[in-house]
Amino acid sequence: MRAAGGVRRWATCPPPALEVRARRGGVRPSDAAEAQGAQPVGFGARHRRLLPVGQAVRYEILGPLRVLDGDRQVRVSAPKLTVLLAVLLARARQVVAADLLVAEIWPDDPPRRATAALHVYVSQLRKLLTCPRRPQCPIITRSPGYLLAVEPEAVDLHQFEQRVAAGRRHARSGRHPQAIEQFTAALALWRSPALSDLRDGPIVDAFVTRLEEARLECLEMMMESGLSAGRHRELVGQLFELTLEHPMREAFYRQLMIALYRSERQADALRVYQRARGLLAEELGVEPGRPLREIQRAILLDDDRFELPSTG
Numbered sequence: 393m394r395a396a397g398g399v400r401r402w403a404t405c406p407p408p409a410l411e412v413r414a415r416r417g418g419v420r421p422s423d424a425a426e427a428q429g430a431q432p433v434g435f436g437a438r439h440r441r442l443l444p445v446g447q448a449v450r451y452e453i454l455g456p457l458r459v460l461d462g463d464r465q466v467r468v469s470a471p472k473l474t475v476l477l478a479v480l481l482a483r484a485r486q487v488v489a490a491d492l493l494v495a496e497i498w499p500d501d502p503p504r505r506a507t508a509a510l511h512v513y514v515s516q517l518r519k520l521l522t523c524p525r526r527p528q529c530p531i532i533t534r535s536p537g538y539l540l541a542v543e544p545e546a547v548d549l550h551q552f553e554q555r556v557a558a559g560r561r562h563a564r565s566g567r568h569p570q571a572i573e574q575f576t577a578a579l580a581l582w583r584s585p586a587l588s589d590l591r592d593g594p595i596v597d598a599f600v601t602r603l604e605e606a607r608l609e610c611l612e613m614m615m616e617s618g619l620s621a622g623r624h625r626e627l628v629g630q631l632f633e634l635t636l637e638h639p640m641r642e643a644f645y646r647q648l649m650i651a652l653y654r655s656e657r658q659a660d661a662l663r664v665y666q667r668a669r670g671l672l673a674e675e676l677g678v679e680p681g682r683p684l685r686e687i688q689r690a691i692l693l694d695d696d697r698f699e700l701p702s703t704g
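Numbering (my numbering), first residue to last: 393 to 704.
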């Protein structure tokens, strides 16, 4: 877990009030043992024919990494195998150089022949991802490394992105209840922070940072649609929690101030501004950005720009 404000911080997701409305010498012995021990329970050769025919492998990264073959979980239990798969998923449909994979799997103490060790893990991972009814392995050897040939639809991230895009379209068209429904469905795909069972490496870390930013943007858009739909009172508690969990993210302060102001709590809205200003000055030595300052001035002047939106 990272320090406060880092991308491993977890926020309420999806907010319940809106959810209700929305329906490299050789391979070291320890490495070899770990790789050999990665065979999943109940997924040996004699069991493979029992898997549902025609079902595609699904990869879930919005939480601890999971691989599903139909209704069965493929247990990628060896930590290094999990890291390997996560890196290939982070760069899905792109060649990942072997030296980058080595750096990700052994960031501190790579074996003397790391490339040979990497081949062992790739071989083991291939065994996990193939079966008689699906003999073509998605892991392809391509110089200078490997590529995971997986369709976007096989990864839960794709569904999340599709839902977010739909929500954004609804919001731009003023269909805020429908936008809330799509944003809520997108956030419901997150079981916990993305790839939360992995230690950080340069590729995975950058990928997780991007995913968390996308999640927070989705939350912001959902809150904005909630305000536009006149649900300010029910958003106050959720937005207050979000400002505590993400104290450097000014958008949540802005939304909380609007929700309080529309709930006839002008003094509380101004106190939120002072709290945000104090935290930003203490942590970063900066003043709040223009959007937050404008909200404060508007509240002081009782500006009707931030009154309830028209329902006509």
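All C-beta atoms, glycine included, are put in the ideal place defined by N, C-alpha and C.
| message | Restricting to runs no shorter than 3 residues, where is the beta strand (DSSP E) found entirely within the stretch 496-568? | response | 531-534 and 537-540
| query | Where does A598 land, buried or exposed, given buried means 16+ other C-beta within 10 angstroms? | reply | exposed
| Between W582 and the rest of its own chain, which residues show a CB-CB distance below 8 Å, the 5 nearest in sequence each way excluded? | C405, L454, G455, F552 and R607
| field | Own chain, CB closer than 6 Å to I532, minus 5 neighbours either side, in chain order | value | L539 and A541
| field | Distance, A668 Cα to A651 Cα | value | Here the C-alpha atom of A651 lies approximately 16 Å from the C-alpha atom of A668.
| task | Report the three-state DSSP secondary structure of D696 (helix, strand or coil). | result | helix
| Hey, would you say A580 sits closer than 7 Å to P536, going by beta carbons? | The beta carbons of A580 and P536 sit no closer together than 7 Å.
| said: Check whether the stretch 584-602 and the stretch 621-632 touch, using three or more Cβ-Cβ pairs below 8 Å as the test. | reply: no
| message | On the DSSP bridge list, what partners appear for Y451? | response | V459 and V547
| task | Look at the Cβ atom of A646, then the Cβ atom of L684, and state whether they are nearer than 7 Å. | result | Reading off the sequence shown, one finds Arg at residue 646, where the question assumed Ala. Taking 7 Å as the Cβ cut-off, R646 and L684 qualify as a contacting pair.
| said: Let me check one thing: in DSSP terms, what residues is V487 bridge-paired to? | reply: L539
| task | Return the CA-CA distance between V514 and A448, expressed in angstroms with no decimal places. | result | 20 Å
| Where R641 sits in the DSSP three-state scheme | The answer is coil: DSSP assigns R641 none of H, G, I, E or B.
| task | Could you tell me whether the stretch 659-666 touches the stretch 678-692, using the rule of 3 or more Cβ pairs below 8 Å? | result | yes
| query | Under a three-way DSSP split, which group does V494 fall into? | reply | helix
| Do you know offhand how far E604's Cα is from C610's? | Distance between the alpha carbons of E604 and C610 is about 10 Å.
| field | Sheet register partners of Q465 (DSSP bridge) | value | L460
| Are L476 and L517 closer than 7 Å when you measure CB to CB? | yes
| said: Which same chain residues end up closer than 7 Å to R534 when comparing Cβ atoms and leaving out the 5 residues on each side of it in sequence? | reply: V487.
| task | Using three-state DSSP, classify P585 as helix, strand or coil. | result | coil
| task | Report buried or exposed for P544, applying the criterion of at least 16 other Cβ atoms within 10 angstroms of its Cβ. | result | exposed
| Within 10 angstroms of its Cβ, does E674 collect 16 or more other Cβ (buried), or is it exposed? | Answer is exposed; the Cβ neighbour count stays below 16.
| task | Since I believe R450 is in contact with A546 (beta carbons under 8 Å), could you give me their beta-carbon distance rounded to a whole number of angstroms? | result | 6 Å
| request: Measure how close the beta-carbons of M613 and R560 come, nearest whole angstrom, since I'm counting them as under 8 Å. | output: 7 Å
| How many whole angstroms separate the CB atoms of L672 and P680, which I take to be in contact at a CB cut-off of 8 Å? | 6 Å
| request: Determine the DSSP secondary structure at G681, reduced to helix, strand or coil. | output: G681 falls in the coil class under three-state DSSP.
| Which residues in the same chain as R697 place their Cβ atom closer than 7 Å to its Cβ, once the five residues preceding and following it in sequence are excluded? | A690
| request: In the DSSP assignment, find the unbroken alpha helix (DSSP H) run with D592 in it and report its ends. | output: D592 -> no alpha helix (DSSP H), and no H or E assigned at all.
| message | Measuring straight from C-alpha to C-alpha, what distance separates S588 and V556? | response | 22 Å
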